[in-house]
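Trainee:
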Amino acid sequence: MPTVTEHPLILHQEFRCPAEMLEKERELKGIVTPHVPLTVSATPLVGTWVNCDRATPSLAKLVIATKAREITVHAFGACVPTPCDMGTVDGMIYADGVTSLPAVSFLAQYRFSFKETTITGHLFQNVLFVESFNHFTDNSGRADYYHLDIMSK
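Using our numbering, the first residue of the sequence shown is number 190, and each one after it goes up by one.
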């Protein structure tokens, strides 16, 4: 069971890895802090990703582009006969550690008049695992739902 630390910089019980420590606390523990902020590279995620399952009920395609230090995500739903254009939103990119530079995952949020959709993606061996979390806001009684899609370039 965790204990409350009696360090003057820690006022209550906390769980933190070294990357999340306060600068003074890192100094006291002798942990080196980088002097130049690292910029995560969106390059591994950038491009057009197509669902490997042509019969998906969820996302048919994602187009990810760079935008300054982050990305834009243009999603297309699996509508018939052509994919539905969900529009483009800003997204955030993440590396796999505090000292890594290539992006391995992203998060994007869509807000429609009837639902909110959060899309996350994780890159693994040139395959993008895309999760969508759908929350209905229109009091329709529909259940919120989750879907996993596997996409490739």
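Beta carbons: idealized from backbone N, C-alpha and C, even for Gly.
Give me the Cβ distance between residue 338 and residue 245, rounded to the nearest whole Å; I'm assuming they're in contact under 8 Å.
Mentor: In the sequence shown, counting from the first residue as 1, residue 338 sits at position 149. In the sequence shown, counting from the first residue as 1, residue 245 sits at position 56. So it is a contact: roughly 6 Å between Cβ atoms.
Trainee: Is residue 297 closer than 8 Å to residue 262 when the C-beta atoms are compared?
Mentor: Residue 262 sits at position 73 when you count from the first residue of the sequence shown. Residue 297 sits at position 108 when you count from the first residue of the sequence shown. In this structure, residue 297 lies closer than 8 Å to residue 262 by Cβ.
Trainee: Would residue 249 pass as a contact of residue 272 if the rule is Cβ separation under 8 Å?
Mentor: Translated into positions along the sequence shown, residue 249 becomes position 60. Translated into positions along the sequence shown, residue 272 becomes position 83. Going by C-beta atoms, residue 249 is nearer than 8 Å to residue 272.
Trainee: Got a sec? Which residues, its chain only, sit under 6 Å from residue 322 by beta carbon, not counting five neighbours each side?
Mentor: By 1-based counting over the sequence shown, the position of residue 322 is 133. For residue 322, where only same-chain residues beyond five positions count, the Cβ hits under 6 Å are 307, 335.
Trainee: Report all residues from its chain with a CB closer than 6 Å to the CB of residue 190; omit the five preceding and five following residues, and keep chain order.
Mentor: Against the sequence shown, residue 190 aligns to sequence position 1. Any reading at residue 190 needs caution, since the residue's pLDDT is 45, under 50, leaving its predicted position unreliable; the model's value is listed next. Answer for residue 190: no residue qualifies.
Trainee: Could you have a look at residue 256 and say whether DSSP puts it in helix, strand or coil?
Mentor: Position 67 of the sequence shown, counted from the start, is the residue given in the question as residue 256. DSSP places residue 256 in strand when its eight states are reduced to three.
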